[in-house]
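Have a look at the structure below before the remarks.
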Amino acid sequence: MKLKLSTLFVAAMLLLMTSCNKENEINNQTLVPIHVNTNGFNVTQEDFEPTRAATTADDYTNINAIILAFYQGNTEIKRITQLRADMPQGQSFGEFNLYLPIGKYTMVVVAYSTNENSPFTLTSLTEAAFTGLRVKDTFVATQTVDVTSGNPLALSATLNRIVSQLTVTSTDGKAPNADKLRMTLSGGSKAFNPSTGLATDNHGFDNAVTITKDAGQVTSSATMLFLSEDTQNIDVTIDVLDAQSNVITHKVITNVPFKRNKVTLLTGALYSSSTTVSPIQLNADWLPTVTITF
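Residue numbers (the working numbering): 20 to 313.
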């Protein structure tokens, strides 16, 4: 009887060990090495950059952070964040190495500029935002990734800029008491959907930029935003503020056209106390910029 029980025990142990070995083999097969390269970083729009050639994330210094994330449905499976300033020696900014189980994923890559005044969060496959004072330059790529075997998989992603930019340039000299320029947008957002590159709301926001030029010099100030459509008309309010945030001059320009990956330029007298606004003039074509004189 004892011999029979011992035999059964040994058989059970052998069966358990075989099962564990098979499980390890399966797990090893499903952990597939993945290499993601963001070379082909697209900064080809002449409105933002004069070059028409794509460049790598490592070379394009306007971007200092990249998030790579993989999703199955709405569930985040893997996320890696790279900060240019914290890259280990010998590793290129914009290149990632990781492991994923066999399966189908949505890959999201968000490259952006950030600082302490413009923190960025990626909440989900459909929600990301700058949660601070202003929107910064942002590029996005999304694509489906199908990991079908245990062989190493090499992926590449070309990212496209999804922000629009407003630049306000004065034709008159800066007033001595002018401290900031506040640009208030009636539409657009600081938040966007990484899957579409479009804003997740259309509530607008304001952004006050410190004027760094000396009194008497012409000035240029800019703000970025995410649009709710590829092209969108937005009312823009421009307030010149003193050091105590009192309004020195106030101007409103209605139905200003914006387009993703384009610059809209507003040009006019900012520091004059006159409330008269000259007729708005704009180019019918989007190239190279949309220019409005106020």
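C-beta: ideal position from N, C-alpha, C; glycine also.
For residue j and residue i, believed in contact at Cβ under 8 Å, the rounded distance
i    : j    : result
L50  : Y118 : 5 Å
I253 : G207 : 6 Å
D165 : R201 : In fact, because the Cβ distance is near 48 Å, the residues do not count as touching under 8 Å.
T286 : S214 : Not quite, the Cβ-Cβ distance comes to about 36 Å (not below 8 Å), so this is no contact.
T167 : I121 : 7 Å
F283 : R153 : According to the sequence provided, residue 283 is Thr. The question's Phe does not apply to it. Contact doesn't hold; Cβ gap of about 16 Å is too wide.
Inter-residue Cα distance where the pair is residue i and residue j
i    : j    : result
N81  : E114 : 17 Å
Y131 : G151 : 14 Å
S291 : S183 : 28 Å
G223 : S205 : 5 Å
Q6   : F277 : Absent from the structure is residue 6, since the part of the chain shown begins at 20 and ends at 313.
A104 : T133 : 12 Å
D249 : E135 : 29 Å
T177 : A160 : 6 Å
P69  : T75  : At P69 the pLDDT is 47, less than 50, meaning the model places this residue with poor confidence; the figure from the coordinates comes in the next sentence. Going from the Cα of P69 to the Cα of T75 covers about 16 Å.
K270 : M106 : 45 Å
G192 : T268 : 13 Å
R71  : N280 : Summary for R71: the model assigns pLDDT 45, below 50, so the residue's position carries little reliability, and this model does not support an answer.
D156 : I53  : 27 Å
Y79  : V255 : 30 Å
L244 : F139 : 14 Å
S264 : F112 : 40 Å
G169 : G109 : 27 Å
Y90  : N116 : 17 Å
L301 : I230 : Bear in mind that a pLDDT of 34 at L301, under 50, signals an unreliable position, so the number given afterwards is only what the model happens to contain. Those two C-alpha atoms are separated by around 25 Å.
Beta-carbon gap between residue i and residue j smaller than 8 Å
i    : j    : result
K97  : A84  : no
L260 : A227 : yes
T188 : V237 : yes
T190 : A288 : yes
S247 : L217 : yes
N93  : S137 : no
A147 : A210 : yes
L16  : I86  : The question about residue 16 has no answer here: the residues shown for the chain are numbered 20 through 313.
R180 : F158 : yes
N212 : T219 : yes
What are the uninterrupted segments assigned as beta strand (DSSP E) that are 3 or more residues long and contained completely in the region 189-258, given in chain order? Listed in chain order, they are 199-204, 224-229 and 239-244.
At what residue ranges does the region 125-170 contain a whole run of the beta strand (DSSP E), taking only runs of 3 or more? With a minimum length of 3 residues, the continuous beta strand (DSSP E) runs that stay inside the region 125-170 are 139-143, 146-149 and 157-166.
Are there three or more Cβ pairs, one per stretch, closer than 8 Å when the region 189-202 is compared with the region 124-144? Flag = no, the region 189-202 and the region 124-144 do not touch.
Can you give, in chain order, each stretch of the beta strand (DSSP E) that sits fully within the region 259-297 and has at least 3 residues? Complete beta strand (DSSP E) runs here, min 3: 266-278 and 282-287.
Beta strand (DSSP E) segments (min. 3 residues) lying fully within the region 101-125: As far as the region 101-125 is concerned, its whole beta strand (DSSP E) runs of at least 3 residues are 114-119.
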